[in-house]
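A short write-up of the structure that comes next.
Number of protein chains: 2
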Amino acid sequence: MATVSKVEEITAILRTEILRGQYRPGERLPSERDLSARFETNRGAIREVVKKLEQLGIIAVAPGGVRVLPLEEATLEVLGYLLELGEVHRPELIGQMLDVLGAMTSLSIRSALAKATDNEIEDITLIVHALIAAHDKDDSAVHEVWIQLSEKLISIHRNLILRLVANGLRAQFIGQVQTEIEPEKIRNPGSQHLIELLHAIQDHNGEAAASAVIRHFQTMKRELLALTATQTPSQPELSQNRSADYA
Amino acid sequence: MATVSKVEEITAILRTEILRGQYRPGERLPSERDLSARFETNRGAIREVVKKLEQLGIIAVAPGGVRVLPLEEATLEVLGYLLELGEVHRPELIGQMLDVLGAMTSLSIRSALAKATDNEIEDITLIVHALIAAHDKDDSAVHEVWIQLSEKLISIHRNLILRLVANGLRAQFIGQVQTEIEPEKIRNPGSQHLIELLHAIQDHNGEAAASAVIRHFQTMKRELLALTATQTPSQPELSQNRSADYA
DNA sequence: CGACCAATTTGGTCAGACCAATATGGTCAG
DNA sequence: CTGACCATATTGGTCTGACCAAATTGGTCG
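As they're listed, the protein sequences go chains A and B. Residue numbers for the first sequence follow the numbering used here, beginning at 1 and rising by one. Residue numbers for the second sequence follow the numbering used here, beginning at 248 and rising by one.
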């Protein structure tokens, strides 16, 4: 599996060490020369690594030394790596994710309905129908249709910021959430709300649609948390030193 | 003003050229050697530049050439630079920003109220009071109190994702929006909704609070757009080639 | 006209060097 | 003994020039 470049490897290692909390925020990282010695490579490679980590928002590089930043100053991109490490409780983080996704999707549907033409309303309606139908199949089908709906909505309201945030979130969680949590039990998690959504869309009622989406995501979250709570009795309280340092 | 490193300078120049659309998505950037010749520097510096741009999500670097990515694949961080360039209509983007911030804050208040102790309810109440009072002063005071409220809410619900997204958005817009748009006319933009928010908080009614926040931001957006529409009669339709390439 | 192959270009890596800004530790005055 | 101060060592910032492997490119051959 040497398909990744050396810089990528070293970046991954250092990123992991930092996110694991092996260096406290404010602390100095070993010098570039020391790092190049440790990883048996040249300083140029280390500099590229450092540049990437700097862009991730987890270190600050300045003459005199590279310093580790607190997690709160990081970029969204660290989420995927945090999940990968299991450094944050997955169910908790996934719950938070559903909250944020719900708020985003809610805004998306409200904005889209405010601008949508009749044809577009038609399109949306079809996708939501597909969504309801997908709930009788496997979860990946549901997931796919949600993405489809999301894309459709974004193409209507054309909110660049919303798109970038959604992109970022999706990129961080793809492959993380989907594979791990695919229990068959989470069937019809409130197709009731989806039906309400459907009606709201046909009425061009953005507020009602937004509300239905919020409630749908809340239901999903509740079911999911209940599920993981039972099947994962106890998980070690890893690295609360990092996830708990918000005042 | 030579306080920035050479790498920073070159990064800024190339970033600007790419975001301006001087290279179409998929197109190849000049080779690292050519770039180092053009900027009269060594290849190592260019490599660091390229690494940073790669992390920004606007280029993909691979053997054979560096390629420019479509804007939709970029990271949130590009927003600040886009604003800086004026490549996207500022009023439009700021409107989108208010939408997203509204959805975020709405979620934030709902989540916080679901967890808040009586003491924390008290704290929130005080801040919202300060917020209403600040509306009689200058805008920067309002802005400050909003940040204070946001911090307070995050410290209660402890949603890491929400925090990172909010951080990212705020970082992109600090200094961009605040200085430019500070018209005194946007006074009491719906302190009505703020009073509703206050009552909802005291009733521990998360849904009502979330709704009030949403409506408050919608009002702000409406007033702001009406304002800029009159005082900025016509702005050239710059770079629609980039902002319009979402299907 | 299309498939294939070789030469060129490109990114990936490497070694060693000098400069300017910072951090460090020791010294000296109070 | 404590604090300010200064020289030195350390650190990041920049530079040069070179070799390798993979991708691109353009020409050639079927």
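For each residue, glycine too, the CB sits at the ideal point set by N, CA and C.
- Interface criterion not met: the Cβ of glutamine 395 of chain B is under 7 Å from no Cβ in chain A.
- Using a 10 angstroms sphere on the CB of serine 31 of chain A, the tally of other CB atoms stays under 16, which defines it as exposed.
- Glycine 333 of chain B carries a coil assignment under DSSP once its states are collapsed to helix, strand and coil.
- Valine 68 of chain A has A/Ile59 as its beta-bridge partners, per DSSP.
- The Cβ neighbour count for lysine 115 of chain A, taken over all protein chains shown within 10 Å, is under 16; the residue is labelled exposed.
- When CB distances to chain A are screened at a threshold of 9 Å, the residues of the segment 313-332 of chain B falling below it are Leu318, Glu319, Glu320, Ala321, Thr322, Leu323, Glu324, Val325, Leu326, Leu329, in chain order.
- Rounded to the nearest whole angstrom, the CA to CA distance from glutamine 449 of chain B to aspartate 365 of chain B is 10 Å.
- Less than 7 Å separates the beta-carbon of isoleucine 265 of chain B from that of valine 315 of chain B.
- Inter-segment contact for the segment 152-166 of chain A and the segment 96-109 of chain A is present: three or more beta-carbon pairs are separated by less than 8 Å.
- For phenylalanine 420 of chain B, the uninterrupted alpha helix (DSSP H) segment begins and ends at 407-420.
- For the segment 147-172 of chain A, the residues whose beta carbon sits under 8 Å from a beta carbon of chain B are, in order, Ile154, Ser155, Arg158, Asn159, Leu160, Ile161, Leu162, Arg163, Leu164, Val165, Asn167, Gly168, Leu169.
- Rounded to whole angstroms, the gap between the alpha carbons of alanine 45 of chain A and alanine 292 of chain B is 12 Å.
- Within chain B, Glu295, Lys298, Lys299 have C-beta atoms less than 7 Å from the C-beta of lysine 51 of chain A, given in sequence order.
- When CB distances to chain B are screened at a threshold of 7 Å, the residues of the segment 18-45 of chain A falling below it are Gly44, in chain order.
- Cα atoms of arginine 24 of chain A and glutamine 395 of chain B: separation of roughly 26 Å, rounded to the nearest angstrom.
- Around the beta carbon of glycine 64 of chain A, a 10 Å sphere encloses fewer than 16 other beta carbons of the protein chains shown; the residue is thus reported as exposed.
- A distance below 7 Å between beta-carbons, with the five flanking residues on each side excluded, links alanine 134 of chain A to the following residues of its chain, in chain order: Ala141, Val142, Val145.
- Nearest Cα to histidine 446 of chain B within the set B/Lys253, B/Arg337, B/Leu373: B/Leu373.
- With fewer than 16 other CB atoms across the displayed protein chains lying within 10 angstroms of its CB, asparagine 289 of chain B is exposed.
- Taking every protein chain shown into account, the CB of arginine 294 of chain B has 16 or more other CB atoms within 10 angstroms, so this residue is buried.
- By the 16-neighbour rule on beta-carbons within 10 angstroms, histidine 376 of chain B is exposed.
- For the 7 Å CB-CB criterion, threonine 466 of chain B and proline 338 of chain B do not form a contact.
- The DSSP-derived three-state label of arginine 280 of chain B is helix.
- Taken atom to atom, the span from the alpha-carbon of leucine 329 of chain B to that of leucine 35 of chain A is near 35 Å.
- The C-beta of valine 100 of chain A comes closer than 7 Å to at least one C-beta of chain B.
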